[in-house]
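**Q**
Residue numbers (my numbering): 30 to 391.
1. Any heavy atom of the ligand NAP inside 7 angstroms of the beta-carbon of residue 49?
2. What is the rounded straight-line gap between the Cα of residue 322 and the Cα of residue 189?
3. What's the C-alpha gap between residue 380 and residue 130?
4. Taking the alpha-carbon positions, what's the residue 71 to residue 239 distance?
5. Threshold first: 3 residues or longer. Then list the beta strand (DSSP E) segments lying entirely within the segment 167-224, N to C.
6. Does the segment 326-333 come into contact with the segment 354-368, if we say contact requires no fewer than three beta-carbon pairs (one atom in each stretch) closer than 8 angstroms?
7. Starting from residue 344, follow the alpha helix (DSSP H) in both directions and report where the run begins and ends.
8. What whole-angstrom Cβ distance do residue 361 and residue 101 have, given they're in contact under 8 angstroms?
9. For residue 291 and residue 90, I'd like the C-alpha separation in whole angstroms.
10. For a test of the three-state rule: what should DSSP assign to residue 292, helix, strand or coil?
11. Can you tell me the Cα-Cα spacing of residue 244 and residue 127, whole angstroms?
12. Helix, strand or coil: which one does DSSP assign to residue 239?
13. Could you give the uninterrupted runs of the alpha helix (DSSP H) lying entirely in the segment 77-139, keeping only those of 4 residues or more?
14. Can you tell me which of the three DSSP states residue 245 falls into?
15. Taking the alpha carbon of residue 302 as the point to measure from, which residue in 249, 267 and 296 has its own alpha carbon closest?
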């Protein structure tokens, strides 16, 4: 990182600090798009508050002079259990957009999950860095479109396909409706270049209504798996029975997620759903969590309840808006340092030392 970004980043001590700077730099419409949930934003708030419902029963008199945060995800080594979640429109946060995020992920030694709705083509993002990348995919009514995206991702060197399963249609985002949200001039959904039309707020709703399949079922998984040898993860599962079925179908990973509180507003907090999913999967697939992660203690609690790793979305966007590539790196380092500190204070040296018995409802 350059000297000036580093000096600025030292003053930003929490994710909330980065959000404050990002809010100052973004237009109101852009900030609200990234920040908002659906309807009354109950699920959005619930995701964060659920972490505060748990306390850590820490151990004492443990040698924690050195801690190790490294782990593997689907066999890929990562420096910490903090991955970058798929989020749309990174060039709306910073001119370098997804390219900056990809470079930051590689520098930090973690996985970047690239969104279908990226403002940079998935092939270009793949070329931006040598770091591990997964591709997030929406299932389209046109199976050839789905096939083409999977083939492009595999050819570009992506390591896994993440299927979002909680979006048969778009949740109602009232902030976007009130703002008349529009992509800024010159920005497009680069992986969907054939989607013609205005770049106003109706474009995303129209894309989902016209292109997303609301009929994708368990019976379609075999077809999907026939498209590629890449491992498949399902993102958007909160029920134990759905998780058990996914594991029985040979799915490699399950992301406990409610789309950042942007779909069904009455959905449970992801942390609340996590233990049931972990127990149902019983080690047959790796389980991940996203939604509401803002501190090292949050990550510790998710690991204790069985997550292999967590994914962060909005914190990455705040870092990107606040400082581009350096800002994303700073956020990832902030969270990793906070996790390391929490592990020391809790009497744990490695992620394997973090046990479910160490967390309980307050």
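Quick reminder that beta carbons are idealized off the backbone N, C-alpha and C, glycines included.
**A** The answer reads as follows:
1. The ligand NAP is not part of this structure, which contains no ligands at all.
2. 23 angstroms
3. 25 angstroms
4. 28 angstroms
5. 189-193
6. yes
7. 343-375
8. No, residue 361 and residue 101 are not in contact; Cβ-Cβ is about 18 angstroms, not under 8 angstroms.
9. 43 angstroms
10. coil
11. 30 angstroms
12. helix
13. 126-137
14. coil
15. 267
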